[in-house]
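In my numbering, the protein residues as written are 38 to 807.
Reviewing the structure listed below.
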C-alpha cells in the first residue's frame, strides 16, 4: 500500500520536470525552496527576515523552520555536504511525496484502532487516492501542508492508543501503583510521544495551536459523556495532562532561545504566546477535570456540566482580556483568521467557504473529495450513532470530535480540505466496509439452508477476509481510475506556473540587472519588482528579483493603489517610494481580480465597469492596470513596455466604434524610467503630441503616444519613456513625430537617446519660431 501511494504521488514528476528544470506547484512552494537553498548554505539557520519581499522594507518571516531544515538536511546528505541547485530542487520536489506516503501508516492505525482492519486497509487506499491529499503531497508540492498532516495524524494516532490502553485498564491517579508497571508505561509512553510530535508540529506550521486546542475541546466532550454514563474520566485526564506537560517542557527552552525582539508575544511567530497558550490549555483541562470530578461526587445532573463550563469559559476569557491583553488579542486574531473573518482573507480564493463561490456550490467539495465526500458524511453520521450505541468509547469520541473540528474549519475556509482528507478517508473506509458487510449479510439470507456437514469449511475466516477486502479494493480502484476526473487532473496537470509565466520570469532574470544579497537577505538590494501579490513568490525564486507584494500579502496596499489609480501623479510616487524598476501585469488580474484589488485600495468597484467603462470610457478615468495591460501603457510618462508573453488568451475590443478585437498578451513587463522630457514653444493653449512606432522583440508593433497642452505663453513639455537610439531589450523604436495637432503639416521628427530616457534629460524642440 505504501509503495502504491508513493507511485501515485510521483506521477506528477513527469510534468513538473518536463522543461529541463523542476517547476514546483502552487506559490508558497517556491518560497519554501528559497528558504531551503539558503538553509543549505547556512545550516541549520534559515531565513527569518527577507529584504526580497515587501521591498524595500523587508519582512519578518513567521514560518517555523523545521520543514525547510528537514529538506535542507536531506539535500546536504544527498549532495555529499555540498549539493548543487539540481540536487536541492530534486530533494525538495520528492520530500512531500515521502511525507504523503508515510501518512498512509497512521491513517491505517487510526482506522484499525477505532473500527477494524478491513476498514483500515480501505482507508489507506482512499487516502492514497483522494485529491485533497494528493494535491499537497504529489511531486513538486513543496509546501508544509503534507508535513502538518503527517505529524498531526501521527500524534493523534498515538493519542488514540494512549486513550485506548488507559481506558481498558481503568487507569486512575490512585491506582497507578496497583497496576502492572509495564501496562501503565504504555499509555504514558504514547502520551509523551503525542506531546513530542505535537511539538514538532509547532515548529513546522504556525497553525499548530489548532491541534493543541483540539485536546481541550475533546476533554470537555469526553468529560460530558463520562458524566452521563456515571464513570470516571481520570484515564483521559492523565493522558491529556502528560501530553501538555511534555509539550511545555520541550518548547520553553527552544522558543526562549529563538525569540525575536519586538515579537515576544505574537501568534504569527514562535514566541512566548505559544508557551502561555499551552499553560492556558493545561489549566483549562485541569479546571474541566476538577469541575467534572465535583459534579460526579455530588451527583449533579450531567446536563449542567456543559453550561457550567461554558459560563466559566466566558468569565475566564473576559478576565484574560484584563490580565493578559496582549495574549488575548493574539488569540482572538488567530480565531478570526481561522474563521476567515480577517481583512485581506476576503480576497484570497482558498480562504473562502468551501460551499460558496459567489453562490452555493459543490464544485470544491467534488474536486477535493469526489465521491468520498458523500460516503464520509454518511460515515460520520453512522459513526456518531455507533459511538452512542457503544456508550462513548474514548477513542471514537476523540475521532468524531477531531472530524467535526476540521469539518467546521473546512466549511469556513476551503484551504483546510487537505486536513479533512484524513478523516474523510477513514469514514469512507468505514461506511464502505459496513455496506459490504450488509450486502454480504443479505446474500447469506438469500441462500437456502444447508445441512450440517462435518467437513471443514472451504474458506477460513482469514481467507474470506482477504478475498472480500480484495473485492472492495478492486471496486474502489476501478471507480477511482474511471470516475474521478479530479484525481486525474491533480496528477496529470499539477498546479505549476503557466508556460507564459515561466518564460516571462526567466526572461526577466536574464534581461534585467542582477540584484545583490539574494542569499544574504538581511541587506537591501538595488531595486524591486511590482506585481500583484499572487505572483510574488514566483518572481523571487524564478527571476531572483525582490518584490513589493508577495504571497504573504505584504505590500498589497501600494500595489492596489498603483493598479487602480488613474492619476499619474500618484503612480510615480508609489514607484519611487518602493524603488520599483519593473512592473508586471497579467490578464487574470484585469479580468478576475480587479474587484478585489479595488476593495483593498479602498475604492468602489462595479463589476459591469470592466470593459464598457474602463476600456471604452473616458481614458482619464481609466485605471492604470487597464491602461498598461490593454493599451500598452499609452500616454504614461515613465513606464515603457519591454516584454510580452507569447500566449494571448484574451481578445478585447479597444474601441467601441470598431468591430475588430485586439489580442492581449497574457503577461507584460514594463520598465520604470525617468523619461526624456521634450519641451519648447508651440501655439498657446494648443495640444502637442509625440508619437513613435514601437516594435517589441516578439515582433508585435504598436504606436506610443503622449501629449500635453501648451500654456498661455506657448510653452509645452511632455515626457516620453522610449529611446530611439541604443535601444535595449531588442526592441525597435522609430523616431518621434512631434506635432501640434494630428492634421498639421508642421511635424518635427526627433530621436531620443537611451541616456536621455534613463537620466531624465530635457530636450528642447520648438514647434514655432519666436
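Even glycine gets a Cβ: it sits at the ideal position worked out from N, Cα and C.
By Cβ distance below 7 Å, which residues in the same chain neighbour residue i in space, the five residues on each side in sequence not counted?
i, result
"residue 259", "270, 273, 431 and 434"
"residue 71", "577 and 578"
"residue 494", "A caution first: residue 494 carries a pLDDT of 49, below 50, which makes its placement in the model unreliable, though a value can still be read off. Closer than 7 Å at Cβ, skipping near neighbours: no residue."
"residue 719", "725, 747, 751, 753, 777, 804 and 805"
"residue 206", "216 and 220"
"residue 603", "657, 658, 659, 660 and 661"
"residue 391", "401, 402, 447, 448, 451 and 454"
"residue 264", "329, 332, 333, 339 and 342"
By the 10 Å Cβ neighbour count, where 16 or more other Cβ atoms means buried, how is residue i classified, buried or exposed?
i, result
"residue 123", "exposed"
"residue 633", "buried"
"residue 42", "buried"
"residue 179", "buried"
"residue 422", "exposed"
"residue 545", "buried"
"residue 79", "exposed"
"residue 538", "buried"
"residue 736", "exposed"
"residue 743", "buried"
"residue 694", "exposed"
"residue 466", "buried"
"residue 560", "exposed"
"residue 94", "exposed"
"residue 237", "buried"
"residue 670", "buried"
"residue 496", "Since pLDDT at residue 496 reaches only 47, below the 50 mark, its modelled position is unreliable, and the value read off the structure follows with that caveat. That one is exposed."
"residue 664", "buried"
"residue 773", "buried"
"residue 595", "buried"
Would you grab the beta carbon distance between residue i and residue j for me? Rounded to a whole angstrom, and I think it's under 8 Å.
i, j, result
"residue 229", "residue 283", "5 Å"
"residue 37", "residue 555", "Only positions 38 to 807 of the chain appear in the structure, and residue 37 is not among them; the question remains open."
"residue 688", "residue 712", "About 31 Å separates the two Cβ atoms, so there is no contact after all."
"residue 141", "residue 109", "About 25 Å; that fails the 8 Å criterion."
"residue 523", "residue 403", "7 Å"
"residue 565", "residue 617", "5 Å"
"residue 234", "residue 188", "6 Å"
"residue 53", "residue 127", "Actually they are not in contact, since the Cβ atoms of residue 53 and residue 127 sit about 11 Å apart, beyond 8 Å."
"residue 325", "residue 410", "Not a contact, Cβ separation roughly 33 Å."
Could you name the residues of the same chain whose beta carbon sits closer than 8 Å to that of residue i, not counting the 5 residues immediately before and after it, in chain order?
i, result
"residue 588", "64, 65, 68, 570, 571, 573 and 574"
"residue 266", "428 and 429"
"residue 746", "722, 723, 724, 725 and 753"
"residue 453", "443, 446 and 447"
"residue 696", "690"
Residues in the same chain with beta-carbon distance under 6 Å from residue i, minus the five sequence neighbours each way, listed in chain order, please.
i, result
"residue 91", "591 and 592"
"residue 808", "Coverage of the chain is limited to positions 38 through 807, which leaves residue 808 absent and any answer about it impossible."
"residue 365", "357 and 358"
"residue 323", "none"
"residue 490", "Because residue 490 sits at a pLDDT of 49, beneath the cut-off of 50, its placement in the model cannot be relied upon, and the point is left open."
"residue 35", "Residue numbering for the chain in the displayed model covers 38 to 807; residue 35 lies beyond these limits and cannot be assessed."
"residue 563", "552"
"residue 635", "601 and 642"
Looking only at C-alpha atoms, which of the options sits nearest to residue i?
i, options, result
"residue 225", "276, 722, 128 and 329", "276"
"residue 290", "800, 278 and 308", "308"
"residue 55", "348, 596, 176 and 263", "176"
"residue 167", "390, 264, 278 and 413", "413"
"residue 100", "611, 245 and 622", "245"
"residue 652", "436, 628 and 345", "628"
"residue 706", "685, 716 and 677", "677"
"residue 203", "120, 74, 222 and 401", "222"
"residue 295", "607, 392, 84 and 672", "84"
"residue 458", "137, 131 and 640", "137"
Is any non-hydrogen atom of the ligand ATP found closer than 7 Å to the C-beta of residue i, if you look at the structure I gave you?
i, result
"residue 707", "With respect to small molecules bound, the structure shown includes none, and the ligand ATP cannot be examined in it."
Does the beta carbon of residue i sit closer than 8 Å to a beta carbon anywhere in chain D?
i, result
"residue 551", "The chain inventory of the structure shown lacks chain D, comprising one protein chain alone."
| said: My parser needs the alpha helix (DSSP H) runs of 4 or more residues fully inside the stretch 248-312; what are they? | reply: Runs of the alpha helix (DSSP H) lying entirely within the stretch 248-312, each at least 4 residues long, are 271-294 in chain order.
| message | I'd like the ranges of any beta strand (DSSP E) spanning at least 3 consecutive residues and lying wholly in the stretch 328-386. | response | none
| message | What ranges does the alpha helix (DSSP H) occupy inside the stretch 593-628, keeping only unbroken runs of at least 4 residues that lie completely in it? | response | 593-601 and 605-614
| request: Tell me the start and end of each unbroken beta strand (DSSP E) in the stretch 424-457 that is at least 3 residues and wholly inside, in chain order. | output: none
| field | 4-residue-minimum alpha helix (DSSP H) runs that sit fully inside the stretch 664-749, ordered along the chain | value | If we require 4 residues or more, the stretch 664-749 turns out to have no alpha helix (DSSP H) run fully inside it.
| query | Whole beta strand (DSSP E) runs in the stretch 141-219 with 3 or more residues, listed along the chain? | reply | none
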